[in-house]
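Enquirer: In my numbering, the protein residues as written are 70 to 426.
Once you've had a glance at the structure underneath, I'll fire off some questions.
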């Protein structure tokens, strides 16, 4: 196992790196990829992987993420890079990225995306990626050394077009009694946790953006991430799962790899009931955005009929479960579902107002 980047560094890469503060001179940089160059000469297939990591004003947690990625272990026949997309940060994000660009030339590259919004940054990273496979993680995640290799291995043959890895809470974190992060009443998804068990296999859930990968041609075939979803400035999230479900709806197959492990940071200010309820309200709104608008029914905007249907089903099915639940995690789970339905009703009303009569 070794670290191999995407081809020998170009003259531009070397010149840029040599001008950054604290960077060693470019002499000998090409030697980093001698094994890859030898493999090219021998006619061996070289798999190229780009990790796209978007960041905004999180220079401290970003440094931990990049440090974990720098320890990635991959076979000799794999060349990889980490493309860090700075989405208009005004803290020390650029200096943090440049430190890794200098230290690990040419494994790390810096890209600035001025247009605010995670989806804009993700799409800019996809367009600049050099890999046959494009993987994604977040700036508040720490990955295991084998994460990238395990996440992408199933995509080499083309049998699987995408993959999702296991996202666990940071080790030693304790959750309150009202919050379940596994089992039937789990709300780990709010904290970007993704754990489908120990067995690998085909996914029936879209993977999360902190640990997922796709063959590059999927973006050419099905388009990029939707820019009306994803923070900031939009309050509507789900740009990552929307893309996964888009592929699944088209009949594409996604793989779940539990050995591709990433640990997601859980800030204390998110372990509040208000945060979770707000998240579910936004999730409900985003769900309606994904549905799109239907045709009017007898001159009545379809969204008005949807509001009646959602309200009735919530009152009949979810509210009684909330009222009768005794265990705190179960009671809060159903309360959160009510907030989700409230978000669906709110967004359905907004969409109805926009529907031509």
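For each residue, glycine too, the CB sits at the ideal point set by N, CA and C.
The model shown is predicted, which means the values in this text are computed figures rather than measured ones.
For residue 357 versus residue 280, is the C-beta distance shorter than 8 Å?
Expert: Position 288 of the chain shown, counted from the first residue, corresponds to residue 357. Position 211 of the chain shown, counted from the first residue, corresponds to residue 280. Against a cut-off of 8 Å, the Cβ pair of residue 280 and residue 357 comes out as no contact.
Enquirer: Which residue marks the beginning of the beta strand (DSSP E) containing residue 206, and which one marks its end?
Expert: Locating residue 206 in the chain shown gives position 137, where the first residue counts as 1. Unbroken beta strand (DSSP E) run through residue 206: 202 to 206.
Enquirer: Return the CA-CA distance between residue 126 and residue 381, expressed in angstroms with no decimal places.
Expert: Taking the chain shown and counting its residues from 1, one reaches residue 126 at position 57. Taking the chain shown and counting its residues from 1, one reaches residue 381 at position 312. C-alpha separation (whole angstroms): 43 Å.
Enquirer: Assess, as a yes-or-no matter, whether the region 175 to 189 is touched by the region 234 to 250 under the definition of 3 or more beta carbon pairs within less than 8 Å.
Expert: no
Enquirer: Quick one: what does DSSP say residue 166 is sitting in, helix, strand or coil?
Expert: Indexing the chain shown from 1 puts residue 166 at position 97. Residue state, collapsed to three classes: helix.
Enquirer: Ends of the beta strand (DSSP E) at residue 324?
Expert: Looking up residue 324 in the chain shown gives position 255. Here the beta strand (DSSP E) through residue 324 covers 323 to 333.
Enquirer: Assess contact between the region 340 to 347 and the region 404 to 419, defined as three or more Cβ pairs (one per stretch) separated by less than 8 Å. Is contact present?
Expert: yes
Enquirer: Near residue 321, which residues of its chain fall below 6 Å by C-beta distance, leaving aside the five closest residues on each side in sequence?
Expert: Taking the first residue of the chain shown as position 1, residue 321 is located at position 252. Only 230 meet the Cβ criterion.
Enquirer: Is residue 121 closer than 8 Å to residue 205 when the C-beta atoms are compared?
Expert: To locate residue 205, count along the chain shown from 1; it is residue 136. To locate residue 121, count along the chain shown from 1; it is residue 52. Yes. Within cutoff.
Enquirer: Could you pull out every residue in the same chain whose Cβ sits closer than 8 Å to the Cβ of residue 242, ignoring the five residues on either side in sequence?
Expert: The residue labelled residue 242 in the question sits at position 173 within the chain shown. Cβ within range, chain order: 335.
Enquirer: Assuming residue 124 and residue 155 form a contact by the criterion Cβ under 8 Å, report the distance between their Cβ atoms to the nearest whole angstrom.
Expert: As a first step, residue 124 is located in the chain shown; it is residue number 55 there, counting from the start. As a first step, residue 155 is located in the chain shown; it is residue number 86 there, counting from the start. Confirmed, about 6 Å.
Enquirer: Please tell me whether residue 313 and residue 352 are closer than 8 Å, where the distance is taken between their beta carbons.
Expert: The residue labelled residue 313 in the question sits at position 244 within the chain shown. The residue labelled residue 352 in the question sits at position 283 within the chain shown. Result no, Cβ atoms of residue 313 and residue 352 do not sit closer than 8 Å.
Enquirer: Could you check if residue 207 is buried or exposed, using at least 16 other CB atoms within 10 Å of its CB as the buried criterion?
Expert: Translated into positions along the chain shown, residue 207 becomes position 138. Buried is the call here.
Enquirer: Would you grab the beta carbon distance between residue 185 and residue 157 for me? Rounded to a whole angstrom, and I think it's under 8 Å.
Expert: Position 116 of the chain shown, counting from 1, holds the residue named residue 185. Position 88 of the chain shown, counting from 1, holds the residue named residue 157. 6 Å between Cβ atoms; contact.
Enquirer: Starting from residue 181 and walking both ways along the beta strand (DSSP E), at which residues does that stretch end?
Expert: Position 112 of the chain shown holds residue 181. Note, residue 181: beta strand (DSSP E), 177 to 181.
Enquirer: Would you kindly check if the distance between the Cβ of residue 188 and the Cβ of residue 263 is under 8 Å?
Expert: Sequence index remark: in the chain shown, residue 263 carries index 194 (1-based). Sequence index remark: in the chain shown, residue 188 carries index 119 (1-based). No, they are not a contact pair.
Enquirer: Apart from the five residues on each side of it in sequence, which residues of its chain come closer than 6 Å, Cβ to Cβ, to residue 402?
Expert: Stepping through the chain shown from its first residue, residue 402 is reached at position 333. 254.
Enquirer: Specify, as a first and last residue, the run of the alpha helix (DSSP H) that residue 397 falls within.
Expert: Here residue 397 corresponds to residue number 328 of the chain shown, with the count starting at 1. That run of the alpha helix (DSSP H) goes 397 to 423.
Enquirer: Can you name, in chain order, every residue of its own chain whose Cβ lies under 7 Å from the Cβ of residue 330, other than the five neighbours on each side?
Expert: Stepping through the chain shown from its first residue, residue 330 is reached at position 261. So the list reads 213, 216, 234, 235, 237, once near-sequence residues are dropped.
Enquirer: With residue 131 as the anchor, note down where its alpha helix (DSSP H) starts and where it stops.
Expert: Position 62 of the chain shown, counting from 1, holds the residue named residue 131. Residue 131 -> alpha helix (DSSP H) spans 128 to 139.
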